[in-house]
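Undergrad: Sharing a structure here in structure tokens format.
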């Protein structure tokens, strides 16, 4: 794998670029965490208001009202609120992924080959195009699975294991997305997607081993974060900073290893 051959040599040759990648990764992580901290509690509050309202109606705490309580439109209002928060959350998350994480991926590819400004821009642009294609596939597939599950529930009175099917499908699409992003170039985007799909299929056994190595790299970082929760704030901050660093290291390892697999394909 790439770690064994070239990892430290490439970082040594591109120290400033490596530091820039870490900075961009920190920026993306900050944007992602901030978005979740703002919108997740709001979605929870809207959902909680519905559960509490239905709980009161079910317990008969509103005897003079209908079975939906005194204010049945509250359910609709809160559902719309939750849907709006979810939509905004998804849009901001996708935008930060494409704009900020795309920058990180493009800069990481620059570690492996020299790029002119125009080539770097088109590599960055292709990241956004590839990501949107796979995100659209994920959204459409998820919608189809959920609809099929609900239809089965209505017509047959049973529900297929929707979440299991959904998670497996999303993981497979994410696998092919990562394989394609590792092959990014400034041109020939259709060929890049084809190559990512082929490598993702034919080299899946080796890629699974790569994922295992990446998980192993994350384990001590998460363990340190867990231990730091009861420690001083400075210690926790330092531990959290190790997460973007581990992500950068994993990405370099993944792209480098995929390029090695491409040569042997």
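In the working numbering, the protein residues as written are 6 to 270.
C-beta atoms are modelled at their ideal positions from N, C-alpha and C, and glycine is treated no differently.
1) Residue 209 and residue 135: beta carbons closer than 8 Å?
2) Against chain D, with Cβ distances strictly below 8 Å, would residue 261 count as a contact?
3) By Cβ distance below 7 Å, which residues in the same chain neighbour residue 23 in space, the five residues on each side in sequence not counted?
4) Under a three-way DSSP split, which group does residue 167 fall into?
5) Taking all protein chains shown into account, decide if residue 30 is buried (16 or more other Cβ within 10 angstroms of its Cβ) or exposed.
6) For residue 210, which three-state DSSP category applies?
7) Distance, Cα to Cα, residue 234 vs residue 245?
8) Can you grab the Cα-Cα spacing for the pair residue 259 / residue 83, in whole Å?
9) Alpha helix (DSSP H) containing residue 114: first to last residue?
10) Here's a check: name, in chain order, each residue in its chain whose Cβ is nearer than 8 Å to the Cβ of residue 178, leaving out the five neighbours to either side.
TA: With the given structure in hand:
1) Translated into the one-based positions of the chain shown, residue 209 becomes position 204. Translated into the one-based positions of the chain shown, residue 135 becomes position 130. No, the pair does not count as a contact, with Cβ atoms beyond the cut-off.
2) Looking for chain D here will not work: only one protein chain is present.
3) Taking the chain shown and counting its residues from 1, one reaches residue 23 at position 18. Cβ neighbours of residue 23 beyond the five flanking positions: 16.
4) Locating residue 167 in the chain shown gives position 162, where the first residue counts as 1. Note: residue 167 maps to helix in three-state DSSP.
5) For the purposes of this step, residue 30 is identified with residue 25 of the chain shown, where counting begins at 1. Buried: at least 16 other Cβ atoms inside 10 Å.
6) By 1-based counting over the chain shown, the position of residue 210 is 205. Residue 210: helix per DSSP, three-state reduction.
7) Position 229 of the chain shown, counted from the start, is the residue given in the question as residue 234. Position 240 of the chain shown, counted from the start, is the residue given in the question as residue 245. If you take the alpha carbons of residue 234 and residue 245, they lie about 10 Å apart.
8) By 1-based counting over the chain shown, the position of residue 259 is 254. By 1-based counting over the chain shown, the position of residue 83 is 78. Using only the alpha carbons, I get a separation of about 43 Å.
9) Locating residue 114 in the chain shown gives position 109, where the first residue counts as 1. Note, residue 114: alpha helix (DSSP H), 107-117.
10) Locating residue 178 in the chain shown gives position 173, counting from the first residue. Here the set comprises 139, 142, 143, 146.
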